[in-house]
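In our numbering, the protein residues as written are 9 to 316.
Take a look at the structure below.
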């Protein structure tokens, strides 16, 4: 346990240093994109992606051994969803990365949500309604809600979902709210493309869950969500997942700690040991597949081996 705590502290420190080095680049369309979303050249980080996918496979095997179903919700990079706003097309390697991950999950019998397909349908239906912030790095509430809907559709096809008590969940749409999600302070100093710092608004929702309506009154939800800053309360992804499944969701997401640390921390927790979920949803931003444990974003190379 001391070893796990030390590794977690080391990983968090490394992550905080790395985050301070993340930069963004403006495009002539007036949008900002994270530089790390695009490798500098094709196949530059293919081996790192392979490592990340193999670790996700290892986590899936670990959960299956305990009778738990893993469902991965990939979060497509903003540059993929809005590639028409880029000054140059995605590299061949970056362009194929998302589908490569989906193909890997299918081949290895890991349930995965095709979030990008859901986004494409939404864009065709109402192209004027954005899914990501123009100047920010995250999805907005609409993007979060569509991802929650797509994830719920996958969950509702699992036989295990029928064994989980339903709860009463209500959703209320709130007035537009100014967002603080902006990458203006992260622009590369050498950038020569002018960009206007516009005010962006989000359309937040309020989701209320009444767990007391559960027939069996489970103390701990049977669906757990491990996620990143995309699952922060700002965009209500966990509660909207509860709304569209009509099941309570235990949110153990951690912002600013990549994808490996939140998962390691949860699987090593007393909460997981004493009340494991039946279904575990892993919200995985596509760009984090570029940074497996042992890379500059995460210090620990053997954390999966530390799990009980």
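Note that CB positions come from ideal geometry on N, CA and C, so glycine has one too.
Model, not experiment: these values are computed from the prediction.
Closer than 6 Å by C-beta to residue 157: which residues in its own chain qualify, once you throw out the five before and the five after it? Chain order, please. 252
Is the distance from the Cβ of residue 177 to the Cβ of residue 232 below 9 Å? no
Residue from 298, 263, 40 and 187 with nearest C-alpha to residue 240: 263
Out of 248, 134, 208 and 273, state which residue places its alpha-carbon closest to the alpha-carbon of residue 215. 248
Taking Cβ to Cβ, would you say residue 123 is nearer than 9 Å to residue 290? no
For residue 71, which residues from the same chain have a beta carbon less than 8 Å from its beta carbon, with the 5 sequence-adjacent residues on both sides left out? Same-chain partners within the cutoff: 77, 78 and 288.
Could you please give the first and the last residue of the uninterrupted alpha helix (DSSP H) stretch that includes residue 3? Absent from the structure is residue 3, since the part of the chain shown begins at 9 and ends at 316.
Reducing DSSP to helix, strand and coil, say where residue 224 ends up. Residue confidence for residue 224 is low, a pLDDT of 48 falling below 50, so the modelled location carries little weight and cannot support an answer.
Own chain partners of residue 98 with C-beta closer than 8 Å, once the 5 adjacent residues on each side are dropped: 46, 87, 88 and 91
Extent of the continuous alpha helix (DSSP H) run through residue 268: 268 to 275
Please report the residue range of the alpha helix (DSSP H) in which residue 150 lies. 149 to 163
Quick one: grab the DSSP three-state call for residue 122. Assignment of residue 122 by DSSP, reduced to helix, strand and coil, places it in the coil class.
Hey, residue 194 and residue 32 are a contact pair by Cβ (cut 8 Å); roughly how many whole angstroms apart? 4 Å
Quick one: what does DSSP say residue 32 is sitting in, helix, strand or coil? strand
Rounded distance between the beta-carbons of residue 151 and residue 143, thought under 8 Å: Not quite, the Cβ-Cβ distance comes to about 15 Å (not below 8 Å), so this is no contact.
CA-to-CA distance, residue 265 to residue 55, given in whole angstroms: 22 Å
Residue 164, buried or exposed, once every other Cβ within 10 Å from all chains shown has been counted against 16: exposed
Do you know how far the Cα of residue 105 is from the Cα of residue 295? 9 Å
Collapsed DSSP secondary structure at residue 189 in the structure displayed: coil
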